[in-house]
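Trainee: Take this structure, written in structure tokens, and hold onto it; I'll ask about it next.
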Amino acid sequence: MDVQKQHEETDMLQPMERAIHAEELTVENVEAALYQLYFDPDMECKNAAQKWLTQAQGSAQAWCFCWALLSPEKLPEVQFFGASTLHVKISSHWNDFPADQHEHLRVQLLSHILHFSSGPKMVLTRLCVALASMALNLIPHVWSQPVADMVQAFQPQSQEGSGPTQDPQLHCLALLELLIVLPEEFQTSRLERTRRARLKEALAGEWSAVCPLLRQLLQSKDSSMKVKEKVLRCLSSWLGLDVPLGETQELVQDCFTTLSDSELFDTAVETIVNVFTQPDCQRYSNALLSLIPLVLGLRDQLKTAVQDGDMETSHGICRIAVSMGETHCRVLLEQVDHWQQYLALVNMILFCTGIPGQYPVSETSSSLTLTFWYTLQDDILSFEEEKQTIYLQVYRPVYFQLVDVLVYKSHYPSQEEYNSWSSDDKEQFRIYRVDISDTLMYVYEMLGAELLSNLYDRLGRQLMDPRHLTEWQDTEALLFGFQSIAETIDVNYSDVIPGLIALIPRINISNVMLADTVMYTIGSLAEWLSDHPVMLGGMLPMVLRGLTRAELSVSSVSTLKRICRECRHDLGPYAQDILNMSQDVLVKDIHKLCVQSSQCIWLMQSLGFLLSALPEEEVLEKLHSLIGPHVQQLDTLAQQAPDPASKLSIIHILGMLTSLFSALDISGHSDRTSPPNSQNTCNPVVLVLQQLFPLMQNILNRWLEDSEVVEAVCSVFNKSIRTLLHDFGPLVAQLSETLGHIYSTFPQASALDLASQMVHIFAGEERHISSIKSLLKVLTSSTLAIFQQGLRDHPDVVESFMYLHAQILKRKSDLYLESDLLDPKALFYCGILSLKFPETSTVKAASLFFTELIPRCKDVPSLAEVLQRDGKLLTETVLQAVGGGSPHSLMDYFSEVLLSLSRNCLVELSQWLKEILQSPGFPSVHVPTEHKHNFTEQLLREQSNKRGVKEMVKDFSLLCRGLQGSGHSHY
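Residue numbers (the working numbering): 664 to 1634.
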């Protein structure tokens, strides 16, 4: 069967295999390959044909067979390949073509373009692209006026003998296609920088020949819709060459006349928007001012489109108005004599913001305008004070109108309608409201306290109206506005917040979406409540009731968390109610197999904040009561045989405990970094952890080879240490022993991370150093053993191991004095191996290890000895990485190692560099000896400029990779 299959594949590849021989590159073989590519159902055959045809296009014979493929009797697919081959040859193999044949090639291309002006369109376009590529190769010295010559070639009197069909309309379309692709081909061509600049200037000079032609065609009654559409596309294409608006404005004015034609509308919008968003456009303020009346002249068309529900037309006009107003905001504001014109444009954009309909179902234009309001406000507030005052008088009323519009646009539809929306529509509306929220927050900078007063007054009136019980959207939108501002702005000094707090309990929150917004609004006021704790009594009952409703899970838990964090010291009178309600919610959730795990974890964190502020004698009892049911459930799960369902539940409960302990800081010493001076009673969290320890060991024993469960257990202790700091001390010995045991049995990164945290806190404490030493000895010996076996598949373990030893060097480097504890030579080699990993985080950890190690060599003889012996190897490894052995994105980390060597062992580094870089071709064949010498000198000279060393190493790395750029002035 294998032999038969081999014969079949050989037959299948005919005539492709014959492509290796130049004499086999015939028209017939090319056609056969094309038939195979387009019509053979076998993908292997198609791929083989594709490969062969690509090789054929690169051959010298392609200059000849491409013309035969363009014969009238050939299939369009064959003709297309012929035209594409011409483009490939001209764009990529131009130097192979004899200069004395240039004129003949140009005549041939023009002739074929005229012939294919009647189609097929795809062949015509490729031929135009080929001629455009040729022009780019010859402009400006050989072909000084390409556009004028092209226009002349398409005149009727120039087309004698071009073929039987002499349709001026088709030839006009062909000429326009050619003019469209010429700038596009320039934009996509790979050109050297100075050549690109010269060519762009030469092409832009041709605009004076293009623009009158386009105006003539756009104004002519004889021009078809197809011609006018191509004229618009042609203008868009030439805008990419930064043609001056001053030379274009009359043509742009003509473009506005096409907006009344439905067939041309979309293309005209795209073209006008492209005109307004030209990078250099704002230099022509007079031209811009002449175009504003044309934009304002679209208002009636916009209003009619809105009334008729014509979303496409309203969307297009909105794009035009916003592109003019936003792109040229500052320029137009500075035209003080024309302030009324710009104000009219701003009001037109305001109309677009408030366009009737429900986003995104019955309108999609309002979202386009939101960034404009940022731009206008920024530009107004950036003026000098006197001018700013004048503009604020003009535009503050507009911004108050904007607030009304945004509040209105943020309205939810009726519940029934909202339920009928697709999930995509709901998500788009959610994002839209986030954008509105950001805009309102930004507008506050301009309107200040008046904005909050405005919203408060409207909310008060709304809640006094009996209709608010059913028309909940108005209330929700106003609260949404409040919440948007209070979320990021300091509202502590606002005189309307007490009134708002008093109004909130009067809101009927039977509707879920309104209730959600009420919750988030309360949460946004948590800092204010911490300064006014007397108001907590009115808010907490609403939040606690929200906890009992599954549909309010996210908002109510989020709000409770914020209140417990900000107001913890004032929650004593409400603590039991909060605990009871939360416990009820959490216990019910235990049997849901983590359906709402994130909310449960947030809720536990809330309770951690709450317990932190209670009297210490109450904490242990409440803590036992709180975690008792979860610990019992965890104990039951730990007895069961491992399975996916129990694993999820175990990780969930451990996550809840982690979250609780991470926030439970009863001593208020989260900022303390030194051990307490006196022996206090044992921290309640430590007592609980001691009681939990056997259970944790049992879980580890059963799930030792599951990294996710081990990580969850380690996280409980890791977060507890971060919060408790030195109070965690009573658990150090027990945890060190357990950690050493599980790691030596089955090494995992999470155990190393936990050890790093223990080193950070306890390595300096005499009473714990023995436990820490024993742990580090086990972790290091176990990791060294698996380094010898190969750790390539475990970059996370390598990364965490490097971070651990970087931490040891930083906190307790004298441990390296004990050779029976830590072997500096072996660890040094581990660091070098780690530098060779491709993962960013692993290289980062290894570089940190060396930048911590190198400066400490002067204090630790064993480290100095290994650096003297193997520093050359380290330098060589780093240079090999810089030279292309590692991704270029990692160069910052390697530069830090080189900088550390330069600062701490300059003489040795100088000798190492000399010996290493004298090897031919190292670190790259692209770098001559002179550049290596310059690099060495600069590196040894730059010992204080960290940024300079990073840039130098990056530049040298690019040079080594053969990617020379402007940054190589160093060499």
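Cβ coordinates follow ideal geometry from the N, Cα and C atoms, glycine included.
Taking the alpha carbon of GLU1371 as the reference point, which residue from ALA1414, LEU1355 and ASP1390 has its own alpha carbon closest?
Mentor: Residue mapping note: residue 1371 aligns to position 708 of the sequence shown, counting from 1. Out of ALA1414, LEU1355 and ASP1390, ALA1414 has the C-alpha closest to the C-alpha of GLU1371.
Trainee: For the region 874-894 against the region 917-928, are there 3 or more C-beta pairs whose distance is under 8 Å?
Mentor: Segments in contact, yes.
Trainee: Based on Cα-Cα distance, which residue from ASP1158, LEU1467, CYS1520 and LEU1478 lies nearest to LYS1507?
Mentor: Numbered from 1 along the sequence shown, position 844 holds the residue referred to as residue 1507. Comparing Cα-Cα distances from LYS1507 to each of ASP1158, LEU1467, CYS1520 and LEU1478, the minimum goes to LEU1467.
Trainee: What does the alpha-carbon distance come out to for the pair SER1216 and MET1267?
Mentor: Translated into positions along the sequence shown, residue 1216 becomes position 553. Translated into positions along the sequence shown, residue 1267 becomes position 604. So the two alpha carbons sit approximately 13 Å from each other.
Trainee: Give the range of the alpha helix (DSSP H) segment to which GLN764 is assigned.
Mentor: One-based indexing of the sequence shown puts residue 764 at position 101. Taken as a continuous stretch (DSSP letters only), GLN764 belongs to no alpha helix (DSSP H), as it is neither H nor E.
Trainee: For TYR1075, which residues of its own chain have a beta-carbon under 7 Å away from its beta-carbon, when the five flanking residues on both sides are left out?
Mentor: Walking along the sequence shown from the start, residue 1075 turns up at place 412. Excluding residues within five positions, the ones whose Cβ falls inside 7 Å are TYR1081, GLN1136, GLU1139 and MET1176.
Trainee: Go ahead and pull the three-state DSSP assignment for HIS1001.
Mentor: Within the sequence shown, residue 1001 is the residue found at index 338, counting from 1. Helix at HIS1001.
Trainee: Quick test of your reading: THR1538 and LEU1564, contact by CB under 8 Å. State the CB separation rounded to the nearest angstrom.
Mentor: Here residue 1538 refers to the residue found at position 875 when the sequence shown is read from its first residue. Here residue 1564 refers to the residue found at position 901 when the sequence shown is read from its first residue. Their Cβ separation, rounded to whole angstroms, is 7 Å, which keeps THR1538 and LEU1564 in contact under 8 Å.
Trainee: The alpha helix (DSSP H) spanning TRP870 covers which residue range?
Mentor: Counting from 1 along the sequence shown, the entry for residue 870 is found at position 207. Here the alpha helix (DSSP H) through TRP870 covers 870-882.
Trainee: Would LEU738 and HIS775 qualify as a contact pair, given that the criterion is a beta-carbon distance under 7 Å?
Mentor: In the sequence shown, the residue the question calls residue 738 occupies position 75. In the sequence shown, the residue the question calls residue 775 occupies position 112. Contact: no.
Trainee: Count Cβ pairs between the region 1232-1240 and the region 1209-1223 that sit closer than 8 Å; are there 3 or more?
Mentor: Touching, no, given that fewer than three Cβ pairs across the two stretches are closer than 8 Å.
Trainee: Could you give the uninterrupted runs of the alpha helix (DSSP H) lying entirely in the region 774-820, keeping only those of 4 residues or more?
Mentor: Fully enclosed alpha helix (DSSP H) runs of 4 or longer: 784-801 and 809-816.
Trainee: Can you tell which of THR1401, VAL1379 and GLU892 has the C-alpha that lies nearest to the C-alpha of ILE1264?
Mentor: The count along the sequence shown starts at 1 and reaches residue 1264 at position 601. Measuring from the Cα of ILE1264, the nearest candidate turns out to be VAL1379.
Trainee: Between the C-alpha atoms of GLY1494 and ASP1240, what's the straight-line distance to the nearest angstrom?
Mentor: Here the question's residue 1494 lines up with position 831 in the sequence shown. Here the question's residue 1240 lines up with position 577 in the sequence shown. Each residue's alpha carbon lies about 54 Å from the other.
Trainee: Which runs of the alpha helix (DSSP H) at least 4 residues long sit entirely within the region 1435-1485? Give them in chain order.
Mentor: Fully enclosed alpha helix (DSSP H) runs of 4 or longer: 1458-1475.
Trainee: Using a Cβ-Cβ cutoff of less than 6 Å, which residues in the same chain neighbour ILE1253 once the five nearest sequence positions on both sides are dropped?
Mentor: The residue given as residue 1253 occupies position 590 in the sequence shown. Confidence is the limiting factor: at ILE1253 the pLDDT is only 44, short of 50, which leaves the residue's position unreliable, though a coordinate-based value still follows. Cβ neighbours of ILE1253 beyond the five flanking positions: GLN1296.
Trainee: Once DSSP output is grouped into helix, strand and coil, what is the label at SER755?
Mentor: As a working mapping, residue 755 is identified with position 92 in the sequence shown. SER755: helix per DSSP, three-state reduction.
Trainee: Under 7 Å, do VAL844 and VAL792 count as touching if we go by C-beta distance?
Mentor: Sequence index remark: in the sequence shown, residue 844 carries index 181 (1-based). Sequence index remark: in the sequence shown, residue 792 carries index 129 (1-based). Their beta carbons are under 7 Å apart, which means VAL844 touches VAL792 by this criterion.
Trainee: Just to confirm before moving on: does the CB-CB distance between LEU700 and ALA711 stay below 7 Å?
Mentor: Start at 1 with the first residue of the sequence shown, and residue 700 comes out as number 37. Start at 1 with the first residue of the sequence shown, and residue 711 comes out as number 48. No. Outside cutoff.
Trainee: Check for me: the alpha helix (DSSP H) holding ASP1101 runs from which residue to which?
Mentor: Here residue 1101 refers to the residue found at position 438 when the sequence shown is read from its first residue. First-last of the alpha helix (DSSP H) with ASP1101: 1086-1110.
Trainee: Nearest-angstrom Cα distance between ALA816 and TRP726?
Mentor: Along the sequence shown, read from residue 1 onward, the residue named residue 816 stands at position 153. Along the sequence shown, read from residue 1 onward, the residue named residue 726 stands at position 63. Looking at the two C-alpha atoms, the distance is approximately 23 Å.
Trainee: Suppose the cutoff is 8 Å on Cβ atoms and the five residues either side in sequence are ignored; what does the same chain contact list for PRO783 look like?
Mentor: Position 120 of the sequence shown, counting from 1, holds the residue named residue 783. PRO739, GLN742 and PHE743, listed in sequence order.
Trainee: Measuring straight from C-alpha to C-alpha, what distance separates LYS1577 and CYS1568?
Mentor: Against the sequence shown, residue 1577 aligns to sequence position 914. Against the sequence shown, residue 1568 aligns to sequence position 905. The straight-line gap from Cα to Cα measures roughly 14 Å.
Trainee: How about the region 1574-1592 and the region 1513-1530: do they share at least three Cβ pairs that are nearer than 8 Å?
Mentor: Judged by Cβ distances under 8 Å, the region 1574-1592 makes no contact with the region 1513-1530, as fewer than three pairs qualify.
Trainee: Would you check if the region 1432-1440 and the region 1477-1494 touch, i.e. whether three or more CB-CB distances between them fall below 8 Å?
Mentor: Contact holds: three or more Cβ-Cβ distances are below 8 Å.
Trainee: Taking the alpha helix (DSSP H) that CYS1636 falls in, what are its first and last residues?
Mentor: There is simply no residue 1636 to check, as the chain begins at 664 and stops at 1634 in what is shown.
Trainee: In angstroms, rounded to a whole number, what distance separates the CA positions of THR828 and SER1073?
Mentor: On the sequence shown, residue 828 is found 165 positions in, with the first residue counted as 1. On the sequence shown, residue 1073 is found 410 positions in, with the first residue counted as 1. Residue placement at THR828 is flagged as unreliable, the pLDDT there being 48, under the threshold of 50; the coordinate-derived value follows with that caveat. Looking at the two C-alpha atoms, the distance is approximately 60 Å.
Trainee: Just how far apart, CA to CA, sit VAL810 and GLU1047?
Mentor: Locating residue 810 in the sequence shown gives position 147, counting from the first residue. Locating residue 1047 in the sequence shown gives position 384, counting from the first residue. Cα-Cα distance, rounded: 48 Å.
Trainee: Which whole runs of the alpha helix (DSSP H) in the region 1519-1605 are 4 residues long or more, in chain order?
Mentor: Runs found: 1524-1543, 1554-1567, 1569-1580 and 1592-1604.
Trainee: With a Cβ-Cβ cutoff of 7 Å, do VAL1159 and TYR1107 count as a contact?
Mentor: Taking the first residue of the sequence shown as position 1, residue 1159 is located at position 496. Taking the first residue of the sequence shown as position 1, residue 1107 is located at position 444. No, the Cβ-Cβ distance between VAL1159 and TYR1107 is not below 7 Å.
Trainee: Which same chain residues, not among the five before or five after MET1182, have their C-beta less than 6 Å away from its C-beta?
Mentor: Along the sequence shown, read from residue 1 onward, the residue named residue 1182 stands at position 519. Cβ within range, chain order: GLY1209, SER1218, SER1219 and THR1222.
Trainee: Can you look up PRO739 in the DSSP assignment and give me helix, strand or coil?
Mentor: Here residue 739 corresponds to residue number 76 of the sequence shown, with the count starting at 1. Correct three-state label for PRO739: helix.
Trainee: Figure out for me which residue from ILE753, LEU1398 and LEU1388 has the closest Cα to the Cα of VAL1376.
Mentor: Along the sequence shown, one-based indexing puts residue 1376 at 713. When only C-alpha atoms are compared, the closest one is LEU1398.
Trainee: Among VAL1066, GLN1091, ASN800 and TRP1036, which has the Cα closest to the Cα of GLU1026?
Mentor: Here the question's residue 1026 lines up with position 363 in the sequence shown. When each option's Cα is compared against that of GLU1026, the closest is GLN1091.
Trainee: Would ARG1225 be called buried (16 or more neighbouring beta carbons within 10 Å of its own) or exposed?
Mentor: In the sequence shown, residue 1225 corresponds to position 562, counting from 1. Buried, since its Cβ has 16 or more Cβ neighbours within 10 Å.
Trainee: Look up VAL1154 in the DSSP assignment and say whether it is helix, strand or coil.
Mentor: Along the sequence shown, read from residue 1 onward, the residue named residue 1154 stands at position 491. Note: VAL1154 maps to coil in three-state DSSP.
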